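Residue numbers (this note's numbering), protein chains in the order written: chain A, 60 to 80; chain B, 2 to 232. A short worksheet on the structure shown next.
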């Protein structure tokens with residue numbers, strides 16, 4: 060496994076990030 | 002045998018190619034179904050975009066690495082396309098589970114989303130071949146047979162090739178890492194370095210879409226603005 064810090068919450072997906080929800 | 006930088010690079014390349022052996026250079030049946038479920042089928046736009054960006058990538062790769070490497074650029078691009086399709090499918094599966102919807106028409110018809118996803122896939126391929134390694138690490142072997150030491154294909158080179166803002170590229174990184182659990186520790190670290198570069202420097206350059214968003218936020222959000230009588 061890696062040390063990447065996941066910052067997105069469960070309710071945030073790629074759809075929200077591109078304003079498509 | 003002892004791990005050397007070259008051995009590590011060769012292992013990463015074999016792993017990437019191995020992981021993508023079963024992925025085709027066309028959308029899988031599942032991905033094609035997501036496309037078909039859209040209100041507007043994005044298939045033709047997706048294929049057209051890949052054709053245009055494929056030509057741009059091979060040409061720019063040849064310019065940066067050497068004219069005899071255009072074919073090599075095409076191979077890198079094709080590997081990137083396989084990864085792009087694979088990660089897109091995983092992202093959509095995850096979104097379907099999260100949102101309980103199957104129609105992703107808006108997202109799948111968003112050109113910026115596709116370009117960001119493809120750019121991230123290509124950056125992963127380039128980093129795996131050691132062609133996008135940041136030089137602060139002290140070595141760059143160009144392990145794919147390309148001597149990239151004299152060239153400048155390091156991130157953010159890819160953004161210029163596909164004409165994408167760093168801010169839009171940033172949006173896709175975390176979801177990309179989540180969607181592909183097979184990415185090596187080194188590649189995740191590389192993407193994290195790209196993220197930091199964007200956050201600390203590139204997103205703040207003149208012309209970045211970040212400034213318009215900050216302006217909208219400051220004004221209370223575009224949607225909340227009072228309409229003028231004329232409109």
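Every residue, glycine too, gets a C-beta built ideally from N, C-alpha and C. Bear in mind the structure is a predicted one, so any value in this text is a computation, not a measurement.
Limits of the alpha helix (DSSP H) - the one that residue i falls within
i, result
"residue 205 (chain B)", "Looking at the DSSP string, residue 205 (chain B) is not in any alpha helix (DSSP H), and its letter there is neither H nor E."
"residue 3 (chain B)", "Where residue 3 (chain B) is concerned, there is no enclosing alpha helix (DSSP H), given that its DSSP letter is neither H nor E."
"residue 61 (chain B)", "44-66"
"residue 175 (chain B)", "167-180"
"residue 130 (chain B)", "Here residue 130 (chain B) belongs to no alpha helix (DSSP H), and DSSP marks it neither H nor E."
"residue 31 (chain B)", "30-37"
"residue 97 (chain B)", "71-100"
"residue 1 (chain B)", "This structure cannot settle anything about residue 1 (chain B), because the visible part of chain B is limited to 2 through 232."
"residue 75 (chain A)", "73-76"
"residue 163 (chain B)", "158-163"
Distance between residue j and residue i (C-alpha atoms, nearest Å)
i, j, result
"residue 75 (chain B)", "residue 56 (chain B)", "8 Å"
"residue 70 (chain A)", "residue 176 (chain B)", "12 Å"
"residue 181 (chain B)", "residue 77 (chain B)", "18 Å"
"residue 40 (chain B)", "residue 163 (chain B)", "27 Å"
"residue 206 (chain B)", "residue 50 (chain B)", "26 Å"
"residue 83 (chain B)", "residue 188 (chain B)", "17 Å"
"residue 144 (chain B)", "residue 47 (chain B)", "For residue 144 (chain B), the predicted model reports a pLDDT of 45, less than 50, meaning its position is unreliable; a value from the coordinates is still stated below. C-alpha separation (whole angstroms): 31 Å."
"residue 151 (chain B)", "residue 66 (chain B)", "Only weak support exists for where residue 151 (chain B) lies, its pLDDT of 40 falling under 50; the coordinates are left without a value."
"residue 44 (chain B)", "residue 3 (chain B)", "47 Å"
"residue 108 (chain B)", "residue 36 (chain B)", "11 Å"
"residue 26 (chain B)", "residue 220 (chain B)", "45 Å"
"residue 78 (chain A)", "residue 34 (chain B)", "22 Å"
"residue 52 (chain B)", "residue 73 (chain B)", "16 Å"
"residue 32 (chain B)", "residue 85 (chain B)", "11 Å"
"residue 153 (chain B)", "residue 9 (chain B)", "22 Å"
"residue 200 (chain B)", "residue 156 (chain B)", "14 Å"
"residue 76 (chain A)", "residue 110 (chain B)", "14 Å"
"residue 7 (chain B)", "residue 131 (chain B)", "10 Å"
"residue 211 (chain B)", "residue 114 (chain B)", "16 Å"
"residue 218 (chain B)", "residue 209 (chain B)", "15 Å"
"residue 68 (chain A)", "residue 98 (chain B)", "15 Å"
"residue 60 (chain B)", "residue 54 (chain B)", "10 Å"
"residue 146 (chain B)", "residue 42 (chain B)", "With a pLDDT of 47 at residue 146 (chain B), under the threshold of 50, the modelled position of this residue cannot be trusted; read the value that follows with caution. Straight-line Cα distance between these residues: approximately 40 Å."
Residue from the options whose Cα sits closest to the Cα of residue i
i, options, result
"residue 64 (chain B)", "B:158, B:179 and B:197", "B:158"
"residue 165 (chain B)", "B:178, B:130 and B:203", "B:203"
"residue 91 (chain B)", "B:110, B:24 and B:155", "B:24"
"residue 168 (chain B)", "B:213, B:153 and B:9", "B:213"
"residue 133 (chain B)", "B:110, B:160 and B:114", "B:160"
"residue 74 (chain A)", "B:94, B:6 and B:80", "B:94"
"residue 29 (chain B)", "B:53, B:8, B:73 and B:89", "B:89"
"residue 63 (chain A)", "B:200, B:218, B:186 and B:217", "B:186"
"residue 81 (chain B)", "B:215, B:11 and B:58", "B:58"
Pair within 8 Å by beta-carbon distance, residue i and residue j
i, j, result
"residue 234 (chain B)", "residue 120 (chain B)", "The first residue shown for chain B is 2 and the last is 232, placing residue 234 (chain B) beyond what the model contains."
"residue 238 (chain B)", "residue 13 (chain B)", "What is shown of chain B runs 2 to 232, which leaves residue 238 (chain B) out entirely."
"residue 112 (chain B)", "residue 173 (chain B)", "no"
"residue 66 (chain A)", "residue 96 (chain B)", "no"
"residue 61 (chain A)", "residue 179 (chain B)", "no"
"residue 87 (chain B)", "residue 192 (chain B)", "no"
For the structure I just gave you, are there three or more beta carbon pairs, one from the segment 4-21 of chain B and one from the segment 121-129 of chain B, closer than 8 Å?
yes
Inter-stretch contact at 8 Å, needing at least 3 Cβ pairs: the segment 193-208 of chain B / the segment 98-110 of chain B:
no
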